[in-house]
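Colleague:
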Amino acid sequence: MKRDLSLIAVFALLVACVPLATSSGVVLNFVMMVLYGALMAQAWNLLGGYGGQFSFGHALFFGTGAYVQAIAQMQWGLNPWPALALAMALSAGVGLFVGALSFRYGLKGSYFALVTLAFAEVFRVVALSVPFTGAGVGLMLPLREGAGNMQFGARTGFLWLALGLLVLSLVITAWLRHSRFGAWLQAVRDNEDAARALGIDPFRVKLGAIGLSGGLMGAAGAFYVQVFQYIDPAIAYGAHASVEALVAAIVGGMGTLWGPLLGAATLHLLADLTRNLFGNLPGINMIIYGCVLVLIVMFAPRGVGGVGRSVVAVWRAQKAKGASRD
Amino acid sequence: MLRLTGVSKSFGGLRAVQDVSLTLPQGQLCALIGPNGAGKTTLFALMSGFLVPDAGRVELQGEDITGQPPHRNARRGMTRTFQIVQPFAAQTVRENIAAGAHLHCADRAEALAQAEGVARRVGLAPQLDKPAGDLTVAGRKRLELARALATRPRLLLLDEVLAGLNPQEVGEMLPVVRGIADEGVTVLMIEHVMQAVMNLASHVWVLAQGQLIAEGAPQAITRDVRVIEAYLGHGTAQRLAGAGT
Numbered sequence: 018m019k020r021d022l023s024l025i026a027v028f029a030l031l032v033a034c035v036p037l038a039t040s041s042g043v044v045l046n047f048v049m050m051v052l053y054g055a056l057m058a059q060a061w062n063l064l065g066g067y068g069g070q071f072s073f074g075h076a077l078f079f080g081t082g083a084y085v086q087a088i089a090q091m092q093w094g095l096n097p098w099p100a101l102a103l104a105m106a107l108s109a110g111v112g113l114f115v116g117a118l119s120f121r122y123g124l125k126g127s128y129f130a131l132v133t134l135a136f137a138e139v140f141r142v143v144a145l146s147v148p149f150t151g152a153g154v155g156l157m158l159p160l161r162e163g164a165g166n167m168q169f170g171a172r173t174g175f176l177w178l179a180l181g182l183l184v185l186s187l188v189i190t191a192w193l194r195h196s197r198f199g200a201w202l203q204a205v206r207d208n209e210d211a212a213r214a215l216g217i218d219p220f221r222v223k224l225g226a227i228g229l230s231g232g233l234m235g236a237a238g239a240f241y242v243q244v245f246q247y248i249d250p251a252i253a254y255g256a257h258a259s260v261e262a263l264v265a266a267i268v269g270g271m272g273t274l275w276g277p278l279l280g281a282a283t284l285h286l287l288a289d290l291t292r293n294l295f296g297n298l299p300g301i302n303m304i305i306y307g308c309v310l311v312l313i314v315m316f317a318p319r320g321v322g323g324v325g326r327s328v329v330a331v332w333r334a335q336k337a338k339g340a341s342r343d
Numbered sequence: 343m344l345r346l347t348g349v350s351k352s353f354g355g356l357r358a359v360q361d362v363s364l365t366l367p368q369g370q371l372c373a374l375i376g377p378n379g380a381g382k383t384t385l386f387a388l389m390s391g392f393l394v395p396d397a398g399r400v401e402l403q404g405e406d407i408t409g410q411p412p413h414r415n416a417r418r419g420m421t422r423t424f425q426i427v428q429p430f431a432a433q434t435v436r437e438n439i440a441a442g443a444h445l446h447c448a449d450r451a452e453a454l455a456q457a458e459g460v461a462r463r464v465g466l467a468p469q470l471d472k473p474a475g476d477l478t479v480a481g482r483k484r485l486e487l488a489r490a491l492a493t494r495p496r497l498l499l500l501d502e503v504l505a506g507l508n509p510q511e512v513g514e515m516l517p518v519v520r521g522i523a524d525e526g527v528t529v530l531m532i533e534h535v536m537q538a539v540m541n542l543a544s545h546v547w548v549l550a551q552g553q554l555i556a557e558g559a560p561q562a563i564t565r566d567v568r569v570i571e572a573y574l575g576h577g578t579a580q581r582l583a584g585a586g587t
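Protein sequences appear in the order of chains W and B.
Each residue of the first sequence is one higher than the one before, counting from 18 in my numbering.
Each residue of the second sequence is one higher than the one before, counting from 343 in my numbering.
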C-alpha cells in the first residue's frame, strides 16, 4: 500500500510539473487527453479488471456524469465544483441501479456486457427525446472563464483537474489492492462459487465495484463537458466512450494499477501518429483501437504492462545466467 | 450440529436426493459414501445452501437454515470444499487463503499473516507465494482445505479432498484431516478412498440413488449387504458369501 501510494505521489508530482517544463499546446493537450483516457480506463478497470464484470456500456455512466454536470449548471444554477460531486454521485447511483438489476439475476460474462450496452442505448434514446437534455441539439455550456467556474483559459488548468481525478481513481485502486473489499472482489472475479463458500456475498461486492466504477466514469463525463463545453446524446451515450474505456484498460493490462494509464498513453500515441500519417480521416482512431485490441488479445493477453513485466523477467534471467557463468 | 429432515431435490425427472434425514453429531468426524452418481455432492450443496431443497428442512445448531445462501451459512460457521477444486488461479496461495481469513478479519495484513499459519497447518507453507494455478493436484486439494479452514469453521464439509491423490499423498493428507477434527471442528467428508473412511470416520452414511441405505460404524457398514450390493450389483453379496464358505 505504501509503495503504491508513494509511486502515485511521484507520478502526480512529475505530471503536475509538465506545464512548467513546456508551454506547447500540443504537448499539454496530449497529456491532458491521456490523463482523461486513463481516468475512463481506470474506472472500467475497477469493475472489469478487478471485478471480472466486463461492461460494454460504460458510456452509461460517462453520459450521466456529463449531462448532470451540464444540467446542474445551466438549469439548477449550481457551481461546477459541487456539480462535479453531484455528477459522480448520480453516475454511481446509475451504476448501483443497473448493477442491482443485473447482478440480482446473476447475469455474467457476455450477458452482463449486453445489458450494460442495452442500458447505454436506452439512455441515449431517452436523452434524444426528453427536453431537459436539449434532445438532439444537445447542451452548450456557456463560456464563463475562471477557476471558480472550472473553465480554464489555458490547457494547464484542465491538465491539473484531469490529474487530480486520475489520482483519485489511482488511490481508490491502490486501496482496492490492499483491502478486504478488494480481496473479496478479486475472489468473486476468479471463482464466484468458491467465494460464496468462504462467506463472500458476490452481489454486494459486485454492487460496490459498479458503484465506484460508475462514479469515476461519471467524473470523466463531467470533465469532458467542462473541456469541450458541449454534449449531445451521441457523444454522451454513444459507443465511443465505452470502447475507449475498455480498450485502454485491456491494452494496458486489466486488473493492474498502472495498466489503464499505460493503455491510454499507448492508444493516444497511436491515434496521434496515424492522424499525422493519414490526415484527419473520421473514425480512424476507432479502426486503430479495434486493430490494437485484436493484436493485444491474440498476442499479449496481459496487456502492454504484462509484456513489459515478461521482458524484464527474461532480461533478469539472462543477466543471472550471465553472472553465474562468469 | 447439523440436522436434515426429509430433504429432497430433483433435477427435471432425476430425483437426485430423496427424503434424506440425518443428524450430524457435534465434534465428530463422519463420512458420507456411496457409488458414483449417488447424489453425495448434491446433498452437500443442499446442506451448504448452494442448492435449495424441494422439500425438507436443514438445521444448523437448532437454527433453520433451509434455503439460506452459502455465504450466510459460512458466517454461521459452516464451510465446504469442492470436489473439483476451485482455486483463485490468478492469485497466490497466500492471497487465496487470506480470502477465507477475511471472513473474520477486516485487516488485509492481518489476514495475510493468518494465511501463513493456516498454510503451515496443511503443509502448504513452502508454496505460499506461488500462483495457485501452478500447484499440483495434491497442492490444490490442500489449498481447498486451507482456504476453508481460514474461515475458522465449526462445521467443515469436505468433498473428496483425497480423490486424485496417489497413496503417498493420501498418507500425508490423512493426519491433516485428523488434526482438524482433533481441534474440535466437526467434519463431514465425502470420500471414495475407503482406507481414509475406515481410518478417520466414527460414523458413516451410505447414499445410493439419492437415498440413505445404511448408516453406522465403518466396520459394520462394509459388511452390510445393501451397501455391498449398491456398490457391486444385485446378488453380489450372496455370491461373496457363497465364495467365503
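For each residue, glycine too, the CB sits at the ideal point set by N, CA and C.
Quick one: give me the first and last residue of the beta strand (DSSP E) that Lys-351 (chain B) is part of.
Modeller: Unbroken beta strand (DSSP E) run through Lys-351 (chain B): 344-353.
Colleague: Could you give the distance in angstroms between the alpha-carbon of Gln-433 (chain B) and the alpha-carbon of Ala-451 (chain B)?
Modeller: Using only the alpha carbons, I get a separation of about 16 Å.
Colleague: Excluding the 5 residues flanking Ala-467 (chain B) on each side, which residues of the same chain have their C-beta closer than 8 Å to its C-beta?
Modeller: Hits under 8 Å: Glu-458 and Ala-461.
Colleague: State the start and end residues of the unbroken beta strand (DSSP E) segment that holds Arg-319 (chain W).
Modeller: Per DSSP, Arg-319 (chain W) belongs to no beta strand (DSSP E) and is neither H nor E.
Colleague: Spell out whether any CB of chain W is found under 8 Å from the CB atom of Thr-383 (chain B).
Modeller: Answer no: the Cβ-Cβ gap between Thr-383 (chain B) and chain W never drops below 8 Å.
Colleague: Buried or exposed: His-632 (chain B), going by 16 or more other Cβ atoms within 10 Å of its Cβ?
Modeller: Any answer about residue 632 (chain B) is impossible in this case: the structure gives chain B only from 343 up to 587.
Colleague: Starting from the C-beta of Asn-46 (chain W), find all residues in its chain whose C-beta is less than 8 Å away, skip the five residues before and the five after it, and write them out in chain order.
Modeller: Taken in chain order, the residues that qualify are Arg-172.
Colleague: Is there a Cβ from chain B that is less than 8 Å from the Cβ of Ile-248 (chain W)?
Modeller: Ile-248 (chain W) does not count as touching chain B.
Colleague: Run down chain B in chain order and give the residues with a C-beta less than 7 Å from the C-beta of Gly-216 (chain W).
Modeller: Those are His-413, Ala-416, Arg-417, Leu-445 and Thr-493, listed as they occur along chain B.
Colleague: How big is the Cα-Cα spacing for Gly-376 (chain B) and His-534 (chain B)?
Modeller: Those two C-alpha atoms are separated by around 8 Å.
Colleague: So Gly-442 (chain B) contacts chain W; which residues on that side make the cut at Cβ distance below 7 Å?
Modeller: Within 7 Å Cβ-Cβ: Leu-215.
Colleague: Could you list the residues in the region 178-211 of chain W with a C-beta less than 7 Å from some C-beta on chain B, going in chain order?
Modeller: Flagged, chain order: His-195, Ser-196, Arg-197, Ala-200, Trp-201, Gln-203, Ala-204, Asp-207, Asn-208, Asp-210 and Ala-211.
Colleague: What's the C-alpha gap between Arg-20 (chain W) and Ala-453 (chain B)?
Modeller: Answer to the nearest angstrom: the Cα atoms are 19 Å apart.
Colleague: Would you please verify whether the beta carbon of Leu-408 (chain B) is less than 8 Å from any beta carbon of chain W?
Modeller: The question names Leu, but residue 408 (chain B) in the sequence shown is Thr. Judged by the 8 Å Cβ criterion, Thr-408 (chain B) is not in contact with chain W.
Colleague: Any beta-carbon of chain W closer than 8 Å to the one on Glu-514 (chain B)?
Modeller: It does not: the Cβ of Glu-514 (chain B) has no partner Cβ on chain W nearer than 8 Å.
Colleague: Relative to the C-alpha of Pro-97 (chain W), which candidate in W:Gln-246, W:Thr-273 and W:Val-48 has its C-alpha closest?
Modeller: Per the Cα distances, W:Gln-246.
Colleague: Kindly list the residues whose CB is nearer than 6 Å to the CB of Gly-69 (chain W), restricted to its own chain and excluding five residues on each side of it in sequence; keep chain order.
Modeller: Closer than 6 Å at Cβ, skipping near neighbours: Arg-206.
Colleague: Between Cys-308 (chain W) and Phe-78 (chain W), what straight-line distance do the alpha-carbon atoms span, to the nearest angstrom?
Modeller: The straight-line gap from Cα to Cα measures roughly 26 Å.
Colleague: Keeping to the same chain, check which residues put their C-beta closer than 8 Å to that of Ala-317 (chain W); ignore five residues upstream and five downstream.
Modeller: So the list reads Gly-323 and Val-324, once near-sequence residues are dropped.
Colleague: Are any of the Cβ atoms in chain W nearer than 8 Å to that of Glu-571 (chain B)?
Modeller: For Glu-571 (chain B), the answer is no, since every Cβ of chain W falls outside 8 Å of its Cβ.
Colleague: Hey, how far is the Cα of Ala-358 (chain B) from the Cα of Ala-152 (chain W)?
Modeller: If I take the Cα positions, the gap works out to 57 Å.
Colleague: With DSSP collapsed to three states, give me the class of Thr-384 (chain B).
Modeller: The answer is helix: DSSP assigns Thr-384 (chain B) an H, G or I state.
Colleague: Using a cut-off of 9 Å between C-beta atoms, extract the partners of Phe-430 (chain B) located in chain W.
Modeller: The contacting residues are Gln-203, Ala-204, Arg-206, Asp-207, Asn-208, Ala-211 and Ala-212.
Colleague: With 8 Å as the threshold, decide whether the Cβ of Phe-386 (chain B) is near any Cβ in chain C.
Modeller: Chain labels in this structure do not include chain C; the protein chains are W and B.
Colleague: Could you name the residues of the same chain whose beta carbon sits closer than 6 Å to that of Lys-472 (chain B), not counting the 5 residues immediately before and after it, in chain order?
Modeller: The answer, listed in chain order, is Val-435.
Colleague: Name the DSSP beta bridge partners of Arg-463 (chain B), please?
Modeller: Note: Arg-463 (chain B) sits in no beta bridge, so no partner.
Colleague: So for Ile-217 (chain W), helix, strand or coil by DSSP?
Modeller: The answer is coil: DSSP assigns Ile-217 (chain W) none of H, G, I, E or B.
Colleague: Taking the alpha-carbon of Ala-288 (chain W) as reference, which of W:Leu-185, W:Gly-238, W:Leu-278 and W:Ile-304 has the nearest alpha-carbon?
Modeller: Out of W:Leu-185, W:Gly-238, W:Leu-278 and W:Ile-304, W:Ile-304 has the C-alpha closest to the C-alpha of Ala-288 (chain W).
Colleague: Is the beta carbon of Leu-107 (chain W) less than 8 Å from the beta carbon of Ile-227 (chain W)?
Modeller: No. Outside cutoff.
Colleague: Which two residues bound the contiguous beta strand (DSSP E) that contains Ala-358 (chain B)?
Modeller: 356-366 is the extent of the beta strand (DSSP E) around Ala-358 (chain B).
Colleague: Please name the residue in B:Leu-549, B:Gln-561, B:Val-349 and B:Val-362 whose C-alpha comes closest to that of Met-408 (chain B).
Modeller: In the sequence as displayed, the identity of residue 408 (chain B) is Thr instead of Met. The residue with the shortest Cα to Cα distance from Thr-408 (chain B) is B:Val-349.
Colleague: From the beta carbon of Glu-458 (chain B), is the nearest beta carbon of chain W less than 8 Å away?
Modeller: With 8 Å as the cut-off, Glu-458 (chain B) does not count as an interface residue toward chain W.
Colleague: Using a threshold of 8 Å, state whether the C-beta atoms of Val-519 (chain B) and Leu-542 (chain B) are closer than that.
Modeller: Yes.
Colleague: Terminal residues of the continuous alpha helix (DSSP H) containing Leu-445 (chain B)?
Modeller: Premise fails: Leu-445 (chain B) is in no alpha helix (DSSP H) and is neither H nor E.
Colleague: Please list the segments of the alpha helix (DSSP H) lying wholly inside the region 259-298 of chain W, counting only runs of 4 or more residues, in order along the chain.
Modeller: For the region 259-298 of chain W, whole alpha helix (DSSP H) runs of length 4 or above, ordered along the chain, are 276-295.
Colleague: DSSP three-state call for Leu-45 (chain W): helix, strand or coil?
Modeller: In this structure, Leu-45 (chain W) counts as helix in the three-state DSSP scheme.
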